[in-house]
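Asker:
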Amino acid sequence: MPDRPVRVRLAPSPTGTPHLGTMRQAIFDWLLARHSGGTFVLRIEDTDRNRFVPEALDSLYESLRWLGLDWDEGPEAGGPHAPYFQSQRLDLYAAAAKRLIDAGHAYECYCTPERLDAMRNAQREAKQPPHYDGRCRTEAGRAEAKLEAGDRSPVVRFDMPDEGVTVVADALRGDVSFENVRLDDAVLMKSDGFPTYHLAMPVDDHEMQITHVIRGEEWLPSAPLHKCLFDALGYDLPVLIHTPSILGPDKSKLSKRHGAQSVLDYRDAGYLPDAVFNFLGLLGWSLDDKTEIISRDEFVEHFSTDRLLKSPAVFNKEKLDWMNGEYIRLMPVERLAALLIEWLERPEADGGLPAAAPRPLDAAYTARIVPLVRERVKLLPEARDMMAFFYLPDGLDLDAETLAGKAFAGDHDKARLLFSEALVTAEGVDPWNHEALEAAFQALVERLEVKRGDLYMLIRIAISGRPVAPPLFDSMELVGRERCIERLRDAVNRF
RNA sequence: GCCCCCAUCGUCUAGGGGACUAGGACGUGGCCCUUUCAAGGCCAAGACAGGGGUUCGAAUCCCCUUGGGGGCACCA
1 MPDRPVRVRL APSPTGTPHL GTMRQAIFDW LLARHSGGTF VLRIEDTDRN RFVPEALDSL
61 YESLRWLGLD WDEGPEAGGP HAPYFQSQRL DLYAAAAKRL IDAGHAYECY CTPERLDAMR
121 NAQREAKQPP HYDGRCRTEA GRAEAKLEAG DRSPVVRFDM PDEGVTVVAD ALRGDVSFEN
181 VRLDDAVLMK SDGFPTYHLA MPVDDHEMQI THVIRGEEWL PSAPLHKCLF DALGYDLPVL
241 IHTPSILGPD KSKLSKRHGA QSVLDYRDAG YLPDAVFNFL GLLGWSLDDK TEIISRDEFV
301 EHFSTDRLLK SPAVFNKEKL DWMNGEYIRL MPVERLAALL IEWLERPEAD GGLPAAAPRP
361 LDAAYTARIV PLVRERVKLL PEARDMMAFF YLPDGLDLDA ETLAGKAFAG DHDKARLLFS
421 EALVTAEGVD PWNHEALEAA FQALVERLEV KRGDLYMLIR IAISGRPVAP PLFDSMELVG
481 RERCIERLRD AVNRF
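Residue numbering for the first sequence follows our numbering, beginning at 1 and increasing consecutively.
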């Protein structure tokens, strides 16, 4: 196995938007492939026609692309093992099933769902593990079941050995052994002619020459079945790696009730793909004892499956938020500006600027604003409220209450006086830059003998509309003389 | 009920017999910087689940207990 070139696959089932756990697996798959110069295959496991959701494919491709996980073979990419949809490979599975039956490793089962249900309920009530009783293993049982089934098509079951132990080698967990008596005769072929995962996976992994299977730990209990199937089919078992689950804050497996569960949700909330990649890549894997921010190239260079962890990890959103802030600050100004513009130009309801701000937004102007806001923002949409005043054409339409702020809530007369002084001061500033502005207003503070913070807060609110804003004089420089004076004059008139 | 996996600060983790008075990060608290809010800097609190072994020596190896997670479908 180690001599063959590495081939890994992501094999999701298109039943909804892909889960964060799936995407983390994709990251590990991709990393292993890129690190070793191998091939990353995408295969769609669409063998359950009842659960198939057509839109799921698009959100899968979108998720992978958003994270920058390109696949070498698969849908839209093609490849020597096409088609990459299991629903289009039914002949392969049928042939494999026939081969297993002929070799005595599998048998047709005519038991009805009703009988199986009743059987399992009885077993559960008797505190027994649910288990197929093997009626159709024998000629006689099969004949009996066939009568009950009417014209219903049979399923094909694997004839699992009743004795002995199956040992599965997991690259992370070592040898895991299972008593064969506890293992069920799994269904390989459904009565609708579609294979189950258990059959399709070995057939495809063999045909596609997959060398490493990275999958969630929920598969570990069926790993012995898979090993037996690979053996029965005469295939080499790939290296198996069962990754631990991602847990919600309550330590149960992450799911919809924990909120966002798709990377697309994070994209829409204003997270950066590199940050999400970095964060997910570090959930269950680490480079060393201190590195938190890792570039994609470093990930690829250093990734190794033996630094994978086997214990489940709680999804720590606060840390993701922090990391996203780091990535925002790491990003070149122009790129961040472009990204922000994309966001700000949306309709207000979708997280964009108020309609009063004229579009399109000026890229050069935005690039000057970015250094002022970048360290105040963890998520992209947070920039909206912080940046709006730069783009609004004229007055902010604030009432006296807002303008007076906390410090002058009980003394509007004083606020009005300060605003008119500020207006006069602003009118005298030349040139209009932050140094001159600061000097002028500092002088005003001294002349009026007011608290500097109090005066600046008034001006901040008048100019930006909010008590929390980027640095005042840099902001005023960018907003420009005309609009600043207009907003100050407006403030005076509101009292 | 049965089977399997896992177990270091609240969380993500480093650690793979002596380098551990257990390191880093997020978060939390404090201080500094400061025109607001951040960012940044410094400091602090905070963990080897418990019990047995093995060993001169155990966070590291073994066993048991406990706790958590997962699985037991004509779903993947």
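Cβ atoms here follow ideal geometry from the backbone N, Cα and C, with glycine treated the same way.
Looking at the structure shown, is residue 331 part of a helix, part of a strand, or coil, going by DSSP?
Answerer: Residue 331: coil per DSSP, three-state reduction.
Asker: Measure the alpha-carbon distance for residue 234 versus residue 184 and round it to whole angstroms.
Answerer: Cα-Cα distance, rounded: 21 Å.
Asker: Ignore the nearest five residues each way along the sequence and tell me which others in residue 137's own chain have a CB closer than 7 Å to its CB.
Answerer: 107 and 159, listed in sequence order.
Asker: Compare the C-alpha of residue 400 against each of 322, 51 and 458 and name the closest.
Answerer: Checking every option, the nearest Cα to that of residue 400 belongs to 458.
Asker: Could you tell me how far apart the beta carbons of residue 32 and residue 8 are, in whole angstroms, since I believe they sit closer than 8 Å?
Answerer: 5 Å between Cβ atoms; contact.
Asker: Where does residue 293 land, buried or exposed, given buried means 16+ other C-beta within 10 angstroms?
Answerer: Result: exposed.
Asker: Going by DSSP, which residues form a beta bridge with residue 156?
Answerer: Residue 156 is bridged to 108 and 189.
Asker: Cα separation between residue 480 and residue 383?
Answerer: The alpha-carbon atoms of residue 480 and residue 383 are separated by roughly 20 Å.
Asker: So is residue 261 buried or exposed if we call it buried at 16+ other beta carbons inside 10 Å?
Answerer: Buried.
Asker: So the beta strand (DSSP E) residue 179 belongs to, where does it begin and stop?
Answerer: 174–179 is the extent of the beta strand (DSSP E) around residue 179.
Asker: For a test of the three-state rule: what should DSSP assign to residue 49, helix, strand or coil?
Answerer: Residue 49: coil per DSSP, three-state reduction.
Asker: Does the separation of the CB atoms of residue 186 and residue 240 fall below 9 Å?
Answerer: Result no, Cβ atoms of residue 186 and residue 240 do not sit closer than 9 Å.
Asker: Just mark residue 86 as buried or exposed, buried being the case when its beta carbon has 16 or more other beta carbons within 10 Å.
Answerer: Its Cβ being crowded by 16 or more others within 10 Å, residue 86 is buried.
Asker: Inspect the beta-carbon positions of residue 73 and residue 112 and report whether they are closer than 9 Å.
Answerer: No, the Cβ-Cβ distance between residue 73 and residue 112 is not below 9 Å.
Asker: Helix, strand or coil, according to DSSP, for residue 212 in the structure here?
Answerer: Strand.
Asker: Check whether the segment 481–489 touches the segment 387–401, taking contact to mean three or more Cβ pairs, one atom from each stretch, closer than 8 Å.
Answerer: These segments touch.
Asker: Just to confirm the assignment: which complete alpha helix (DSSP H) runs, minimum length 4, are found wholly within the segment 417–491?
Answerer: Counting only runs of 4 or more, we get 434–448, 452–464 and 472–479.
Asker: Grab me the residues of residue 28's own chain with a C-beta within less than 6 Å of its C-beta, minus the 5 sequence neighbours each way, in chain order.
Answerer: Answer for residue 28: 214, listed in chain order.
Asker: At the level of alpha carbons, what is the spacing between residue 63 and residue 453?
Answerer: Approximately 47 Å between the Cα atoms of the pair.
Asker: Just how far apart, CA to CA, sit residue 195 and residue 335?
Answerer: Going by the C-alpha atoms only, they are around 48 Å apart.
Asker: DSSP three-state label for residue 236, please.
Answerer: Coil.
Asker: What are the boundary residues of the beta strand (DSSP E) that residue 182 is part of?
Answerer: Run containing residue 182: none; DSSP gives neither H nor E here.
Asker: Using three-state DSSP, classify residue 373 as helix, strand or coil.
Answerer: Here residue 373 sits in helix by DSSP.
Asker: Note the first and the last residue of the continuous beta strand (DSSP E) segment covering residue 170.
Answerer: Unbroken beta strand (DSSP E) run through residue 170: 165–170.
Asker: By DSSP's criteria, residue 7 is part of a beta bridge. Which residues make up the other side?
Answerer: Looking at the DSSP assignment, residue 7 forms a beta bridge with 39.
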